[in-house]
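**Student:** Residue numbers (the working numbering), protein chains in the order written: chain A, 1 to 235; chain B, 1 to 235.
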């Protein structure tokens, strides 16, 4: 019997580029307000609005757009032009369409693993956005289960595994967020493979577990996952 | 054996008031722009923006807020003030909090039915918003399953029932939207109970099925559902 009954993959910045879209939008936003404040101050105020609005609006591009608009009103003392406002709304629309840029090796790795294991796509965020991204990614067919949740905490992981009747110690999570992917999976007694991405939203940062934490692994690249799995299964 | 293995309930305007929040917000929005255009024209342009933005933003309050902002920029030719913009964002935040007003008889009906049948809450919309509303409603404990989907079409119903291993002819859907609740449930061969709500979003309108369509029922009030179910089970 295989050790793992289920491999779950985070999506944004684990399988495809996502944070990059936000970084680009933040740069355009800061550029739009450049004659009002310094770039650093604009970015800092936007980040504060995003965090403040999480409880109202949750994650995703629409929430980000509303935070940009609030910040623009605040930082221009209400003098933001109608044209600039429309630019912000259009910026959000642009983030929600266009090609999904898969991370190198993601598609090949999923295709290699999908015949041996049950794969789950497990992502948090806006349902509408995430479904659209999954459809555009072309990867939906690799997954037996697709789960979109509003947050990724230990109780959420536990109830998902219960729903699919998977034992916790036969679960492995792969992702780029220590806070959302790695720590909660370890907390419930599962395995976790951390694959850092050069761009990870400040809010997702957390201290890593000790390197020798049982069940915790770190890889530089998703393409290395099949070999790691072979080693664990053999060990 | 009972005829129904699963009763699914729509949430917004079937179990609790929802459209009322939008109607109130639309009135405030039209009031804010009153010195630019007629109330009818403002409402019409807002509705057009909502429909146009469905493909970009999906359903829910955040999408509605962005449509209000776009419409305000358009109808004021960019002269909307920063203060009015903040009012629109705050209007959206207000819609996302506060007490959930249950429809009369909803709680009692669910409590009466939950011991006899498996109940599902089946709602479309923004995941974050719908989860918050379910939590605030106090009704979550009545349901065996809670499913939040981005759209309610016949294929979505079919795949949900497949997932839960429910035979299509043992499924009954209860809701206030002909388009999203009633027609697709009948299309897949299930039963559907239409309970009209005085406020239903224009976009959800559809022609009703013929009154003698097999499996189709209409009630004036959710409190009448238990008696209807007894009649169907007895018949």
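Each residue gets a CB set at the ideal place from its N, CA and C atoms; glycine is no exception.
Source: prediction; values computed, not measured.
1. Tell me the DSSP secondary structure of residue 123 of chain B in three-state form.
2. Which of helix, strand or coil does DSSP assign to residue 16 of chain B?
3. So with Cβ pairs under 7 angstroms, would you call residue 150 of chain B a contact of chain A?
4. Using 8 angstroms for Cβ pairs, my map puts residue 152 of chain A next to residue 184 of chain A. What's the rounded Cβ distance?
5. For a contact defined as C-beta to C-beta under 7 angstroms, what are the partners of residue 56 of chain B on chain A?
6. What are the residues of the segment 40-51 of chain A that lie near chain B, defined by any Cβ-Cβ distance shorter than 9 angstroms?
7. Could you tell me whether the Cβ atoms of residue 66 of chain B and residue 33 of chain B are closer together than 7 angstroms?
8. To the nearest whole angstrom, what separates the beta carbons of residue 215 of chain B and residue 192 of chain B, a pair I think is in contact under 8 angstroms?
9. Under 7 angstroms, CB to CB, which of the residues in the segment 158-170 of chain B have a partner in chain A?
10. Quick one, which residues of the segment 115-140 of chain A are near chain B if we go by CB-CB under 7 angstroms, in chain order?
11. Could you say which of A:138, A:208, A:71 lies nearest to residue 16 of chain A if we only look at CA atoms?
12. Please determine, among B:226, B:1, B:6, B:11, the residue with the shortest C-alpha to C-alpha distance to residue 124 of chain B.
13. Does the contact criterion of 3 or more C-beta pairs under 8 angstroms hold for the segment 87-96 of chain B versus the segment 90-98 of chain A?
14. Mark residue 13 of chain B as exposed unless 16 or more other C-beta atoms lie within 10 angstroms of its C-beta, in which case mark it buried.
15. Using a cut-off of 9 angstroms between C-beta atoms, extract the partners of residue 63 of chain B located in chain A.
16. Look at residue 109 of chain B and residue 228 of chain B and say whether their C-beta atoms are less than 7 angstroms apart.
17. Could you give the first and the last residue of the continuous beta strand (DSSP E) run that contains residue 8 of chain B?
18. Counting pairs of beta carbons, one from the segment 165-182 of chain A and one from the segment 2-11 of chain A, are three or more of them closer than 8 angstroms?
19. Across which residues does DSSP place residue 145 of chain A in a beta bridge pair?
20. Does the contact criterion of 3 or more C-beta pairs under 8 angstroms hold for the segment 30-49 of chain A versus the segment 38-56 of chain B?
21. Anything in chain B within Cβ reach of residue 156 of chain A, meaning under 7 angstroms, just list it in chain order.
22. Hey, is residue 193 of chain A's beta-carbon within less than 7 angstroms of any beta-carbon in chain B?
23. Taking the alpha helix (DSSP H) that residue 95 of chain A belongs to, which residues open and close that run?
24. Buried or exposed for residue 213 of chain A, going by 16 or more other Cβ atoms inside 10 Å?
25. Could you check which residue in A:9, A:130, A:61 has the C-alpha nearest to that of residue 23 of chain A?
26. Where does residue 31 of chain B fall in DSSP's three states?
27. What span of residues does the beta strand (DSSP E) with residue 194 of chain A cover, start to end?
28. With a threshold of 6 angstroms on Cβ separation, who are the neighbours of residue 136 of chain B within its own chain once the five nearest residues in sequence on each side are excluded?
29. Taking buried to mean at least 16 other C-beta atoms within 10 Å of its own C-beta, is residue 131 of chain B buried or exposed?
30. Whose CA, out of B:164, B:168, B:165, B:208, lies closest to the CA of residue 180 of chain B?
31. To the nearest angstrom, how far is it from the Cα of residue 55 of chain B to the Cα of residue 232 of chain A?
32. Specify, as a first and last residue, the run of the beta strand (DSSP E) that residue 36 of chain A falls within.
33. So residue 148 of chain B packs on residue 127 of chain A, CB below 8 angstroms; how close in whole Å?
34. Along the segment 76-88 of chain B, what residues have a CB closer than 8 angstroms to any CB found in chain A?
35. So with CB distances below 7 angstroms, who are the chain B contacts of residue 69 of chain A?
36. Please classify residue 163 of chain B: is it buried, with 16 or more other beta-carbons within 10 angstroms of its beta-carbon, or exposed?
**Tutor:** Considering the structure as presented:
1. Here residue 123 of chain B is taken as the residue at index 123 of the second chain, counted from 1. Look at residue 123 of chain B here: in three-state DSSP terms it is strand.
2. For the purposes of this step, residue 16 of chain B is taken as the residue at position 16 of the second chain. Note: residue 16 of chain B maps to strand in three-state DSSP.
3. The sequence position of residue 150 of chain B within the second chain is 150, counting from 1. Cβ-Cβ to chain A under 7 angstroms: yes for residue 150 of chain B.
4. Within the first chain, the letter at position 152 stands for residue 152 of chain A. Within the first chain, the letter at position 184 stands for residue 184 of chain A. Residue 152 of chain A to residue 184 of chain A, Cβ: 6 angstroms. Contact.
5. As a first step, residue 56 of chain B must be located in the second chain, where it is residue number 56. By Cβ distance, chain A contributes 93, 96.
6. none
7. In the second chain, counting from the first residue as 1, residue 66 of chain B sits at position 66. In the second chain, counting from the first residue as 1, residue 33 of chain B sits at position 33. Contact flag unset, no.
8. Translated into the one-based positions of the second chain, residue 215 of chain B becomes position 215. Translated into the one-based positions of the second chain, residue 192 of chain B becomes position 192. Distance from residue 215 of chain B to residue 192 of chain B at the Cβ level is roughly 6 angstroms; contact confirmed, criterion being Cβ atoms closer than 8 angstroms.
9. none
10. Across the segment 115-140 of chain A, CB contacts with chain B closer than 7 angstroms involve 126, 127, 128, 131, in sequence order along the chain.
11. In the first chain, the residue the question calls residue 16 of chain A occupies position 16. Minimum Cα distance to residue 16 of chain A is reached at A:138.
12. Working through the second chain from its first residue, we reach residue 124 of chain B at position 124. Of the listed residues, the one whose Cα sits closest to residue 124 of chain B is B:11.
13. no
14. Your numbering for residue 13 of chain B matches position 13 in the second chain. Flag for residue 13 of chain B reads buried.
15. Locating residue 63 of chain B in the second chain gives position 63, counting from the first residue. Per Cβ cutoff of 9 angstroms: 62, 128.
16. As a working note, residue 109 of chain B is residue 109 in the second chain. As a working note, residue 228 of chain B is residue 228 in the second chain. Their beta carbons are not under 7 angstroms apart, which means residue 109 of chain B does not touch residue 228 of chain B by this criterion.
17. Within the second chain, the letter at position 8 stands for residue 8 of chain B. First-last of the beta strand (DSSP E) with residue 8 of chain B: 6-9.
18. yes
19. Residue 145 of chain A sits at position 145 when you count from the first residue of the first chain. Looking at the DSSP assignment, residue 145 of chain A forms a beta bridge with A:120.
20. no
21. For the purposes of this step, residue 156 of chain A is taken as the residue at position 156 of the first chain. By Cβ distance, chain B contributes nothing, its closest Cβ being about 11 angstroms from residue 156 of chain A, past 7 angstroms.
22. Here the question's residue 193 of chain A lines up with position 193 in the first chain. The beta-carbon of residue 193 of chain A is placed no less than 7 angstroms from the nearest beta-carbon of chain B.
23. Here residue 95 of chain A corresponds to residue number 95 of the first chain, with the count starting at 1. Per DSSP, residue 95 of chain A belongs to the alpha helix (DSSP H) from 82-95.
24. Within the first chain, numbered from 1, the residue matching residue 213 of chain A stands at position 213. Classification for residue 213 of chain A: exposed.
25. Taking the first residue of the first chain as 1, we reach residue 23 of chain A at position 23. Ranked by Cα distance from residue 23 of chain A, the first of A:9, A:130, A:61 is A:61.
26. Along the second chain, one-based indexing puts residue 31 of chain B at 31. Looking at residue 31 of chain B - three-state DSSP - the assignment turns out to be helix.
27. Here the question's residue 194 of chain A lines up with position 194 in the first chain. Per DSSP, residue 194 of chain A belongs to the beta strand (DSSP E) from 191-194.
28. Numbered from 1 along the second chain, position 136 holds the residue referred to as residue 136 of chain B. Cβ within range, chain order: 100.
29. Working through the second chain from its first residue, we reach residue 131 of chain B at position 131. It is buried - the Cβ of residue 131 of chain B has at least 16 other Cβ atoms within 10 Å.
30. As a working note, residue 180 of chain B is residue 180 in the second chain. Answer by Cα proximity: B:208.
31. Taking the first residue of the second chain as 1, we reach residue 55 of chain B at position 55. Taking the first residue of the first chain as 1, we reach residue 232 of chain A at position 232. Roughly 44 angstroms between the two C-alpha positions.
32. As a first step, residue 36 of chain A must be located in the first chain, where it is residue number 36. Per DSSP, residue 36 of chain A belongs to no beta strand (DSSP E) and is neither H nor E.
33. Against the second chain, residue 148 of chain B aligns to sequence position 148. Against the first chain, residue 127 of chain A aligns to sequence position 127. Yes, residue 148 of chain B and residue 127 of chain A are in contact; Cβ-Cβ is about 7 angstroms, under 8 angstroms.
34. 76, 77, 78, 79, 80, 81, 82, 83, 85, 86
35. Working through the first chain from its first residue, we reach residue 69 of chain A at position 69. What residue 69 of chain A touches in chain B: 69, 85, 89.
36. Walking along the second chain from the start, residue 163 of chain B turns up at place 163. When all chains shown are included, residue 163 of chain B counts as exposed.
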